[in-house]
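There are 2 protein chains.
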Amino acid sequence: MKPVLTNKGKYGLKAIVHLARLEAGETAQVADVAQRNNIPKKFLDAILLDLRNAGMLRSKKGPGGGYALAKPARSIKVGAVIRALEGPIAPIACASRSAFRACEDCGDIDTCPVRSVMSDVRDAIAGIVDNTTVADLVQRSTARAPLHADYAI
Amino acid sequence: MKPVLTNKGKYGLKAIVHLARLEAGETAQVADVAQRNNIPKKFLDAILLDLRNAGMLRSKKGPGGGYALAKPARSIKVGAVIRALEGPIAPIACASRSAFRACEDCGDIDTCPVRSVMSDVRDAIAGIVDNTTVADLVQRSTARAPLHADYAI
DNA sequence: TAATTATCTACTAAATATATAGACAATTTA
DNA sequence: TAAATTGTCTATATATTTAGTAGATAATTA
Chain A
18 MKPVLTNKGK YGLKAIVHLA RLEAGETAQV ADVAQRNNIP KKFLDAILLD
68 LRNAGMLRSK KGPGGGYALA KPARSIKVGA VIRALEGPIA PIACASRSAF
118 RACEDCGDID TCPVRSVMSD VRDAIAGIVD NTTVADLVQR STARAPLHAD
168 YAI
Chain B
18 MKPVLTNKGK YGLKAIVHLA RLEAGETAQV ADVAQRNNIP KKFLDAILLD
68 LRNAGMLRSK KGPGGGYALA KPARSIKVGA VIRALEGPIA PIACASRSAF
118 RACEDCGDID TCPVRSVMSD VRDAIAGIVD NTTVADLVQR STARAPLHAD
168 YAI
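The listed protein sequences derive, respectively, from chains A and B.
Using the numbering used here, read the first sequence as starting at 18 and increasing by one per residue.
Using the numbering used here, read the second sequence as starting at 18 and increasing by one per residue.
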């Protein structure tokens, strides 16, 4: 298995977490997001545009402009970000729900053992990415203490 | 996400299921496995060699030779086949157990939200592929009736 | 010895990932 | 209105990976 999550997806997730940390009404510029996260600026341009076109971000041109979330971080699923930037999450097209396509070498799709196990994998991946939100990522990246730290002082 | 399971892995799984269906002591030749599964013969050569070197198959040269499983199908995990042919299953190197590698752009690996969620994804994938054996695949590809068909005649 | 079958090395072509360059459009502020 | 700023769009370039092919070599059997 080669890069399932490419740099594009990784950069996009890092950037949207960055934006989710902004105060309400605040915007961040691409150059700043790029620098703070070690992302090539021009590459990030295209990534943020994809996320904007997917409805997750809003943008504003000109001085004082920049990017911000278009909706609450808790309503943006990690799976949506990944699908917008990388396409379907299924390990193989014949196991995809959103972009199903039969293999040319496959005789009977209903009894294909590869498709069977890869469908299970697809569901397992979706179970994680569609039940984790950008807000969850913000919380994880902020919390440096172990879980249940609220029991401590 | 691009091809997580490439043709190499798909062909390898199909081939090992083919071999798992053989009678005990029987072997199959590469040309036959290739033809029956619509796999390019030369490509399959390299794939079976990898699986052999990983200890899952045994081979014999000359007339009457061929390939066979080196151990019971129920002891060969799908995850082992995939790892042998495609490398680590983690979606990103920083979330891999067997081939961990930090991202160059990552500041603090312990609080990286991308690594956190991708580690969950890795565990979810492993939960499937390391709990499914080649014997399971044989069973699935044979059973055409719905589950619990044993209640029917 | 001849036929068969796996094994090994090298190479090619196509697709994908990872950017970079530069013009253009919108907005703000002086 | 002019100038600076910032996002948007199109095109191009390079490196890596995938997917496969070609051909020689080694082992085994009949």
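Heads up, the beta-carbon is just placed ideally off N, CA and C, and yes, glycines get one too.
Computed from a predicted model, the values in this text were never measured in an experiment.
Residues near residue i in its chain [Cβ-Cβ closer than 7 Å; skip 5 each side]
| i | result |
| --- | --- |
| A/P105 | S113, S115 and A116 |
| A/A87 | G72, M73, L74 and R75 |
Cut-off 6 Å between Cβ atoms - residues of its own chain near residue i, not counting five sequence neighbours on either side
| i | result |
| --- | --- |
| B/C111 | A119, C120 and R132 |
| A/M18 | Bear in mind that the predicted position of A/M18 carries a pLDDT of just 42, short of 50, making it unreliable; the figure below should be weighed with that in mind. Excluding sequence neighbours, A/M18 sits near nothing in its chain. |
| B/R69 | S76 |
| B/E103 | G26 |
| B/P108 | M135 and V138 |
Limits of the unbroken beta strand (DSSP E) element including residue i
| i | result |
| --- | --- |
| A/A85 | G83 to L86 |
| A/R75 | L74 to K77 |
Rounded C-alpha distance that separates residue i from residue j
| i | j | result |
| --- | --- | --- |
| B/D153 | B/A37 | 10 Å |
| A/A101 | A/D49 | 22 Å |
| B/V34 | B/P57 | 17 Å |
| B/A32 | B/A143 | 21 Å |
| B/G83 | A/D122 | 22 Å |
| B/S158 | B/K77 | 27 Å |
| A/V98 | B/A71 | 37 Å |
| B/N55 | B/T23 | 15 Å |
| A/T44 | A/F60 | 19 Å |
Interface partners of residue i on chain A, CB under 7 Å
| i | result |
| --- | --- |
| B/A141 | A141, I142, G144 and I145 |
Per-residue contacts from residue i into chain B (C-beta, under 7 Å)
| i | result |
| --- | --- |
| A/M135 | L22 |
| A/T150 | Result: empty, since nearest Cβ-Cβ is about 10 Å, beyond 7 Å. |
| A/K31 | V131 |
| A/V34 | P130 |
Start-to-end residues for the alpha helix (DSSP H) that takes in residue i
| i | result |
| --- | --- |
| A/K59 | K58 to N70 |
| B/P130 | P130 to V146 |
| B/S158 | V151 to T159 |
Chain-ordered chain A contacts of residue i [CB-CB under 8 Å]
| i | result |
| --- | --- |
| B/S158 | T128, C129, P130 and S133 |
| B/I93 | Within chain A, no residue comes near B/I93; the closest Cβ sits about 13 Å away, beyond 8 Å. |
| B/N54 | D122 |
Contacts of residue i in chain B (Cβ-Cβ under 9 Å)
| i | result |
| --- | --- |
| A/L154 | P130, V131, S133 and V134 |
| A/V47 | Simply none; closest approach about 16 Å. |
Any non-hydrogen atom of the ligand NAP closer than 7 Å to residue i Cβ
| i | result |
| --- | --- |
| B/C129 | This structure does not include the ligand NAP; it has no bound ligands of any sort. |
Contact list for residue i against chain B, beta-carbon separation under 8 Å
| i | result |
| --- | --- |
| A/I109 | P20, V21, L22 and K27 |
Close beta carbons around residue i, own chain, < 8 Å, minus the five adjacent residues each side
| i | result |
| --- | --- |
| A/G81 | T44 |
| A/V146 | K94, V95, G96, I99 and I106 |
Is the segment 22 to 31 of chain A in contact with the segment 125 to 140 of chain B, if contact means three or more CB pairs nearer than 8 Å?
yes
So, do the segment 91 to 99 of chain B and the segment 138 to 153 of chain B have three or more beta carbon pairs nearer to each other than 8 Å?
yes
Between the segment 138 to 149 of chain B and the segment 59 to 73 of chain B, do three or more beta carbon pairs fall short of 8 Å?
no
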